Amino acid sequence: MNSKWKMLLLTSFALLLMLIKYHSRDHEAEEPQLSDWFNPKKRPDVKTTDWFAPIIWEGTYNRQVLENYYKRLNITIGLAVFAMGKFVDQYLQQFIHSANKHFMKGYSVIFYILMDDFSKLPPIKLGPLRTLKLCIIFKQHTWKDLNYIYMRNFNVYILEHIQYEVDFLFSMSVNQIFKNDFGVENLGKSVAQLHAWWYFGHAKNFPYERRSKSAAFIPPGEGDFYYHSAIFGGTPGEVLAFTEEYIKGIQNDTRRGLQSTYECYLNKYLFINKPTKLLSPEYNWDLNFRTPPQIKRVKIAWQSTSI
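Its first residue numbered 41, the sequence shown is counted upward by one per residue in our numbering.
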(Lines of atoms letter the chains of each structure in order from A; the text may use other names.)
(Lines give C-alpha, C1' and ligand atoms only; values in the text may rest on other atoms or scores of the structure.)
Protein backbone atom coordinates (compact mmCIF):
# COMPACT_ATOMS: atom_id res chain seq x y z
CA MET A 41 0.00 0.00 0.00
CA ASN A 42 2.82 2.40 0.90
CA SER A 43 4.62 1.70 -2.37
CA LYS A 44 1.43 2.52 -4.31
CA TRP A 45 1.07 5.82 -2.48
CA LYS A 46 4.71 6.64 -3.13
CA MET A 47 4.23 5.92 -6.84
CA LEU A 48 1.10 8.08 -6.91
CA LEU A 49 2.92 10.94 -5.19
CA LEU A 50 5.88 10.68 -7.55
CA THR A 51 3.55 10.68 -10.56
CA SER A 52 1.64 13.69 -9.24
CA PHE A 53 4.89 15.53 -8.60
CA ALA A 54 6.12 14.79 -12.12
CA LEU A 55 2.87 16.06 -13.61
CA LEU A 56 3.13 19.21 -11.50
CA LEU A 57 6.65 19.87 -12.77
CA MET A 58 5.47 19.39 -16.35
CA LEU A 59 2.62 21.87 -15.83
CA ILE A 60 4.99 24.43 -14.29
CA LYS A 61 7.43 23.99 -17.18
CA TYR A 62 4.62 24.27 -19.74
CA HIS A 63 3.20 27.48 -18.29
CA SER A 64 6.69 28.94 -17.89
CA ARG A 65 7.49 28.22 -21.54
CA ASP A 66 4.11 29.62 -22.60
CA HIS A 67 4.85 32.80 -20.70
CA GLU A 68 8.33 33.10 -22.22
CA ALA A 69 6.87 32.78 -25.74
CA GLU A 70 4.36 35.57 -25.18
CA GLU A 71 4.24 37.81 -28.23
CA PRO A 72 5.93 41.19 -27.71
CA GLN A 73 3.74 44.27 -27.52
CA LEU A 74 3.97 46.68 -30.46
CA SER A 75 5.70 49.27 -28.26
CA ASP A 76 8.39 46.70 -27.39
CA TRP A 77 9.79 46.64 -30.92
CA PHE A 78 8.22 49.48 -32.93
CA ASN A 79 8.72 53.22 -32.43
CA PRO A 80 7.18 55.48 -35.11
CA LYS A 81 8.49 58.59 -33.32
CA LYS A 82 11.93 57.79 -34.72
CA ARG A 83 10.58 58.59 -38.18
CA PRO A 84 8.43 61.75 -37.92
CA ASP A 85 8.96 62.28 -41.65
CA VAL A 86 6.64 59.43 -42.70
CA LYS A 87 2.93 58.62 -42.47
CA THR A 88 1.09 56.53 -39.88
CA THR A 89 -2.21 54.66 -40.00
CA ASP A 90 -5.50 55.59 -38.30
CA TRP A 91 -5.97 52.05 -36.97
CA PHE A 92 -2.59 51.68 -35.17
CA ALA A 93 -1.12 49.21 -37.64
CA PRO A 94 2.64 49.77 -37.99
CA ILE A 95 4.17 50.93 -41.25
CA ILE A 96 7.61 49.35 -41.45
CA TRP A 97 10.29 51.91 -42.28
CA GLU A 98 14.02 51.67 -41.70
CA GLY A 99 14.74 52.93 -38.18
CA THR A 100 11.28 52.24 -36.72
CA TYR A 101 11.75 48.66 -35.56
CA ASN A 102 13.92 46.52 -33.30
CA ARG A 103 14.26 43.19 -35.07
CA GLN A 104 16.11 41.51 -32.19
CA VAL A 105 13.09 41.74 -29.90
CA LEU A 106 11.03 39.86 -32.48
CA GLU A 107 13.87 37.40 -33.16
CA ASN A 108 13.85 36.45 -29.50
CA TYR A 109 10.15 35.61 -29.83
CA TYR A 110 9.99 33.90 -33.23
CA LYS A 111 13.14 31.79 -32.79
CA ARG A 112 11.42 29.91 -29.96
CA LEU A 113 8.39 29.13 -32.12
CA ASN A 114 10.24 27.23 -34.85
CA ILE A 115 8.13 28.86 -37.57
CA THR A 116 8.13 28.22 -41.31
CA ILE A 117 7.44 30.99 -43.83
CA GLY A 118 6.16 30.42 -47.35
CA LEU A 119 6.95 32.62 -50.35
CA ALA A 120 4.85 32.03 -53.46
CA VAL A 121 5.69 33.42 -56.87
CA PHE A 122 3.97 33.06 -60.24
CA ALA A 123 6.09 32.77 -63.39
CA MET A 124 5.01 32.15 -66.96
CA GLY A 125 6.45 32.94 -70.37
CA LYS A 126 9.02 35.72 -70.44
CA PHE A 127 8.78 36.17 -66.67
CA VAL A 128 10.53 32.81 -66.21
CA ASP A 129 13.42 33.72 -68.53
CA GLN A 130 13.87 37.32 -67.40
CA TYR A 131 13.13 37.37 -63.70
CA LEU A 132 12.67 34.04 -61.90
CA GLN A 133 16.29 33.10 -61.31
CA GLN A 134 17.34 36.46 -59.90
CA PHE A 135 14.17 36.68 -57.79
CA ILE A 136 14.81 33.31 -56.11
CA HIS A 137 18.56 33.97 -55.85
CA SER A 138 17.99 37.27 -54.04
CA ALA A 139 15.20 35.83 -51.88
CA ASN A 140 17.42 32.91 -50.89
CA LYS A 141 19.95 35.48 -49.67
CA HIS A 142 17.69 38.04 -47.98
CA PHE A 143 14.23 36.60 -47.25
CA MET A 144 13.77 35.53 -43.61
CA LYS A 145 17.40 34.61 -42.98
CA GLY A 146 17.80 31.99 -40.26
CA TYR A 147 14.24 30.66 -40.60
CA SER A 148 12.75 27.73 -42.41
CA VAL A 149 11.42 28.92 -45.79
CA ILE A 150 9.48 27.14 -48.52
CA PHE A 151 9.55 28.72 -51.98
CA TYR A 152 6.42 27.85 -53.95
CA ILE A 153 6.94 28.42 -57.67
CA LEU A 154 3.74 28.32 -59.69
CA MET A 155 4.52 27.79 -63.37
CA ASP A 156 3.06 26.05 -66.40
CA ASP A 157 6.23 24.44 -67.77
CA PHE A 158 8.71 22.93 -65.30
CA SER A 159 11.22 22.30 -68.09
CA LYS A 160 11.89 26.05 -68.17
CA LEU A 161 12.94 26.18 -64.53
CA PRO A 162 16.40 27.80 -64.39
CA PRO A 163 19.22 26.39 -62.23
CA ILE A 164 18.51 27.32 -58.61
CA LYS A 165 20.84 26.76 -55.67
CA LEU A 166 19.29 27.09 -52.23
CA GLY A 167 20.91 27.67 -48.86
CA PRO A 168 20.27 25.97 -45.51
CA LEU A 169 16.66 25.88 -44.24
CA ARG A 170 15.41 26.57 -47.79
CA THR A 171 13.05 24.26 -49.69
CA LEU A 172 11.62 24.65 -53.19
CA LYS A 173 8.27 23.24 -54.27
CA LEU A 174 6.96 23.40 -57.82
CA CYS A 175 3.24 23.84 -58.39
CA ILE A 176 1.84 23.29 -61.86
CA ILE A 177 -0.45 25.98 -63.27
CA PHE A 178 -3.67 24.63 -64.73
CA LYS A 179 -5.16 27.00 -67.28
CA GLN A 180 -8.80 27.51 -68.16
CA HIS A 181 -9.61 28.23 -71.77
CA THR A 182 -12.42 30.59 -70.79
CA TRP A 183 -10.09 32.82 -68.74
CA LYS A 184 -7.18 34.78 -70.21
CA ASP A 185 -6.45 37.00 -67.20
CA LEU A 186 -3.10 35.80 -65.80
CA ASN A 187 -3.81 37.17 -62.32
CA TYR A 188 -7.07 35.23 -62.19
CA ILE A 189 -5.33 32.06 -63.38
CA TYR A 190 -2.67 32.49 -60.69
CA MET A 191 -5.18 33.16 -57.92
CA ARG A 192 -7.38 30.19 -58.85
CA ASN A 193 -4.39 27.87 -58.72
CA PHE A 194 -2.91 29.51 -55.63
CA ASN A 195 -6.23 29.11 -53.84
CA VAL A 196 -6.27 25.38 -54.59
CA TYR A 197 -2.70 24.85 -53.42
CA ILE A 198 -3.29 26.74 -50.17
CA LEU A 199 -6.33 24.55 -49.49
CA GLU A 200 -4.59 21.31 -50.46
CA HIS A 201 -1.31 21.63 -48.58
CA ILE A 202 0.27 25.08 -48.14
CA GLN A 203 -1.90 26.01 -45.14
CA TYR A 204 -0.57 22.94 -43.30
CA GLU A 205 3.08 23.58 -44.16
CA VAL A 206 3.70 27.21 -43.17
CA ASP A 207 2.87 29.62 -40.37
CA PHE A 208 3.05 32.73 -42.57
CA LEU A 209 2.69 33.09 -46.32
CA PHE A 210 3.66 35.79 -48.82
CA SER A 211 2.73 36.15 -52.47
CA MET A 212 5.12 38.32 -54.47
CA SER A 213 5.53 39.44 -58.06
CA VAL A 214 8.50 37.80 -59.76
CA ASN A 215 9.90 41.03 -61.27
CA GLN A 216 11.47 42.12 -57.98
CA ILE A 217 14.93 41.80 -56.49
CA PHE A 218 15.66 41.64 -52.76
CA LYS A 219 18.39 44.15 -51.95
CA ASN A 220 18.45 43.94 -48.13
CA ASP A 221 17.10 41.74 -45.37
CA PHE A 222 13.39 41.01 -45.30
CA GLY A 223 12.99 39.85 -41.71
CA VAL A 224 10.47 38.92 -39.04
CA GLU A 225 9.48 42.55 -38.50
CA ASN A 226 7.35 42.03 -41.62
CA LEU A 227 5.33 39.13 -40.25
CA GLY A 228 1.70 39.67 -39.30
CA LYS A 229 -1.84 38.44 -39.74
CA SER A 230 -2.35 40.61 -42.84
CA VAL A 231 0.60 42.34 -44.53
CA ALA A 232 0.10 44.88 -47.33
CA GLN A 233 2.54 46.79 -49.51
CA LEU A 234 2.11 50.55 -49.88
CA HIS A 235 2.35 51.55 -53.52
CA ALA A 236 5.61 53.48 -53.84
CA TRP A 237 4.29 55.83 -56.51
CA TRP A 238 0.92 56.60 -54.95
CA TYR A 239 2.32 56.91 -51.43
CA PHE A 240 3.63 60.31 -52.49
CA GLY A 241 0.46 61.21 -54.39
CA HIS A 242 -2.84 62.73 -53.30
CA ALA A 243 -5.57 60.37 -52.08
CA LYS A 244 -8.21 61.89 -54.37
CA ASN A 245 -6.19 60.67 -57.36
CA PHE A 246 -5.80 57.06 -56.24
CA PRO A 247 -6.80 54.73 -59.12
CA TYR A 248 -9.47 52.88 -57.14
CA GLU A 249 -12.37 51.23 -58.93
CA ARG A 250 -15.08 53.91 -58.86
CA ARG A 251 -17.86 52.11 -60.75
CA SER A 252 -20.47 51.37 -58.13
CA LYS A 253 -21.59 48.10 -59.74
CA SER A 254 -18.13 46.56 -59.50
CA ALA A 255 -17.14 44.27 -56.61
CA ALA A 256 -13.95 46.34 -56.36
CA PHE A 257 -15.85 49.61 -55.87
CA ILE A 258 -14.55 52.13 -53.32
CA PRO A 259 -16.75 55.24 -53.00
CA PRO A 260 -15.23 58.64 -53.88
CA GLY A 261 -13.74 60.35 -50.86
CA GLU A 262 -13.03 57.05 -49.13
CA GLY A 263 -9.93 54.86 -48.93
CA ASP A 264 -6.87 54.84 -46.70
CA PHE A 265 -3.84 54.09 -48.87
CA TYR A 266 -3.25 52.66 -52.31
CA TYR A 267 -1.69 49.22 -52.06
CA HIS A 268 0.60 47.56 -54.58
CA SER A 269 -0.23 44.03 -55.68
CA ALA A 270 3.49 43.15 -55.80
CA ILE A 271 3.44 41.91 -52.18
CA PHE A 272 0.65 40.54 -50.04
CA GLY A 273 0.98 38.22 -47.09
CA GLY A 274 -0.05 37.13 -43.63
CA THR A 275 -1.30 33.93 -42.10
CA PRO A 276 -2.29 31.23 -44.61
CA GLY A 277 -5.91 31.67 -43.54
CA GLU A 278 -5.85 35.39 -44.28
CA VAL A 279 -4.20 34.92 -47.69
CA LEU A 280 -6.75 32.21 -48.48
CA ALA A 281 -9.60 34.54 -47.50
CA PHE A 282 -8.36 37.17 -49.95
CA THR A 283 -7.98 34.70 -52.84
CA GLU A 284 -11.55 33.53 -52.30
CA GLU A 285 -12.88 37.09 -52.15
CA TYR A 286 -10.95 38.04 -55.29
CA ILE A 287 -12.20 34.99 -57.24
CA LYS A 288 -15.79 35.68 -56.20
CA GLY A 289 -15.49 39.38 -57.06
CA ILE A 290 -14.03 38.94 -60.53
CA GLN A 291 -16.54 36.21 -61.40
CA ASN A 292 -19.46 38.39 -60.32
CA ASP A 293 -18.11 41.35 -62.30
CA THR A 294 -17.62 39.21 -65.39
CA ARG A 295 -21.27 38.13 -65.26
CA ARG A 296 -22.20 41.83 -65.16
CA GLY A 297 -19.97 42.60 -68.12
CA LEU A 298 -17.50 44.49 -65.95
CA GLN A 299 -13.75 44.18 -65.83
CA SER A 300 -11.41 45.59 -63.21
CA THR A 301 -7.79 45.03 -62.22
CA TYR A 302 -6.37 42.59 -59.72
CA GLU A 303 -4.92 45.53 -57.80
CA CYS A 304 -8.33 47.18 -57.49
CA TYR A 305 -9.81 44.03 -55.97
CA LEU A 306 -6.88 43.86 -53.56
CA ASN A 307 -7.40 47.48 -52.55
CA LYS A 308 -11.10 46.87 -51.96
CA TYR A 309 -10.34 43.87 -49.77
CA LEU A 310 -7.79 45.84 -47.71
CA PHE A 311 -10.17 48.79 -47.46
CA ILE A 312 -12.74 46.52 -45.80
CA ASN A 313 -10.25 44.26 -43.98
CA LYS A 314 -7.59 46.62 -42.66
CA PRO A 315 -4.07 45.13 -42.82
CA THR A 316 -2.36 44.60 -39.50
CA LYS A 317 1.04 45.55 -40.91
CA LEU A 318 2.05 47.76 -43.83
CA LEU A 319 5.31 47.76 -45.75
CA SER A 320 6.74 51.15 -46.69
CA PRO A 321 7.85 52.06 -50.23
CA GLU A 322 11.33 50.86 -49.21
CA TYR A 323 10.03 47.37 -49.98
CA ASN A 324 8.98 48.17 -53.53
CA TRP A 325 11.04 50.94 -55.06
CA ASP A 326 11.86 51.36 -58.75
CA LEU A 327 15.54 52.30 -58.89
CA ASN A 328 14.97 54.07 -62.21
CA PHE A 329 13.47 56.94 -60.20
CA ARG A 330 15.26 59.34 -57.90
CA THR A 331 15.16 58.01 -54.37
CA PRO A 332 13.28 60.41 -52.05
CA PRO A 333 14.75 61.29 -48.64
CA GLN A 334 12.12 59.21 -46.82
CA ILE A 335 13.66 56.03 -48.25
CA LYS A 336 16.77 55.32 -46.20
CA ARG A 337 17.39 51.81 -47.54
CA VAL A 338 15.75 50.05 -50.49
CA LYS A 339 14.76 46.57 -49.31
CA ILE A 340 13.25 45.34 -52.59
CA ALA A 341 13.78 46.80 -56.05
CA TRP A 342 10.85 46.79 -58.46
CA GLN A 343 11.52 46.17 -62.13
CA SER A 344 8.92 47.85 -64.29
CA THR A 345 7.55 45.62 -67.02
CA SER A 346 4.45 44.99 -69.10
CA ILE A 347 2.68 41.76 -69.88
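The beta carbon of each residue, even a glycine, is placed where N, CA and C say it ideally should be.
Nothing here was measured: the structure is a model prediction, and the numbers come from that model.
Item: Residues in the same chain with beta-carbon distance under 7 Å from TYR323, minus the five sequence neighbours each way, listed in chain order, please.; Value: GLN233, ILE271, LYS339, ILE340
Item: Name the residue from PRO94, THR275, ASN245, TYR267 whose alpha carbon lies nearest to the alpha carbon of GLY261.; Value: ASN245
Item: Is SER75 helix, strand or coil by DSSP?; Value: helix
Item: Indicate the three-state DSSP secondary structure (helix, strand or coil) for SER148 in the structure shown.; Value: strand
Item: Between which residues of its own chain and PHE178 is the CB-CB distance below 7 Å, once the five residues before and five after are set aside?; Value: ASN193
Item: What are the complete beta strand (DSSP E) segments, minimum 3 residues, inside the segment 165-204?; Value: 170-176
Item: Could you tell me whether the segment 183-193 touches the segment 163-170, where touching means 3 or more Cβ pairs closer than 8 Å?; Value: no
Item: Can you check DSSP and say which residues form a bridge with TYR101?; Value: PHE78
Item: With distances taken between CB atoms, is the gap from PRO332 to PHE265 smaller than 8 Å?; Value: no
Item: Using DSSP's beta-bridge definition, name the partner residues of LEU267.; Value: The question names Leu, yet the displayed sequence has Tyr at residue 267. In DSSP, TYR267 forms a bridge with LEU234.
Item: Let me confirm a value: GLN73 is counted as buried when at least 16 other C-beta atoms fall within 10 Å, else exposed. Which label applies?; Value: exposed
Item: With a 10 Å radius around its C-beta and 16 neighbouring C-beta atoms as the bar for buried, classify GLU225 as buried or exposed.; Value: buried
Item: Have a look at the DSSP bridge pairing and note the partners of GLU249.; Value: PHE257
Item: What is the rounded straight-line gap between the Cα of ALA281 and the Cα of ILE150?; Value: 20 Å
Item: Please classify TYR62: does DSSP put it in a helix, a strand, or coil?; Value: Confidence at TYR62 is low in this model, with a pLDDT of 47, below 50, so its placement is unreliable and the value that follows should be read with caution. It is helical.
Item: Output needed for THR316: all residues of its chain with C-beta closer than 8 Å, excluding positions within five of it in sequence on either side, in chain order.; Value: ALA93, GLY228, LYS229, SER230, VAL231, GLY274
Item: Rounded to the nearest angstrom, how far is the Cβ of PHE26 from that of VAL214, given a contact under 8 Å?; Value: Nothing about residue 26 can be read from this structure; the chain reaches only from 41 to 347.
Item: If you run the structure through DSSP and keep just helix, strand and coil, what is GLN134?; Value: helix
Item: Buried or exposed: which applies to LEU122, given that a residue is buried once 16 or more other Cβ atoms fall within 10 Å of its Cβ?; Value: Note on residue identity: the sequence assigns Phe, not Leu, to residue 122. By the neighbour-count rule (16 or more Cβ atoms within 10 Å), PHE122 is buried.
Item: My assumption, with CB atoms under 8 Å, is that TYR309 sits in contact with GLU285. Please give the rounded CB distance.; Value: 5 Å
Item: Using three-state DSSP, classify VAL224 as helix, strand or coil.; Value: helix
Item: Less than 6 Å between C-beta atoms, sequence neighbours within five positions excluded: which residues of the same chain meet that for TYR305?; Value: ALA256, TYR286, GLY289
Item: How close, in whole Å, do the beta carbons of TYR152 and ILE217 come, if the pair is a contact with beta carbons under 8 Å?; Value: TYR152 to ILE217, Cβ: 19 Å. No contact.
Item: State the Cα-Cα distance for the pair PHE26 and GLY99, rounded to the nearest angstrom.; Value: The question about residue 26 has no answer, for the chain in this structure spans 41 to 347.
Item: Exposed or buried, PRO162, counting other C-beta atoms within 10 Å across all chains shown (16 or more means buried)?; Value: exposed
Item: Tell me the rounded alpha-carbon separation between TRP183 and GLN299.; Value: 12 Å
Item: So the candidates are ILE164, ILE258, HIS137; which of them puts its Cα closest to the Cα of ASN220?; Value: HIS137
Item: Output the boundary residues of the beta strand (DSSP E) element that contains PHE210.; Value: 208-212
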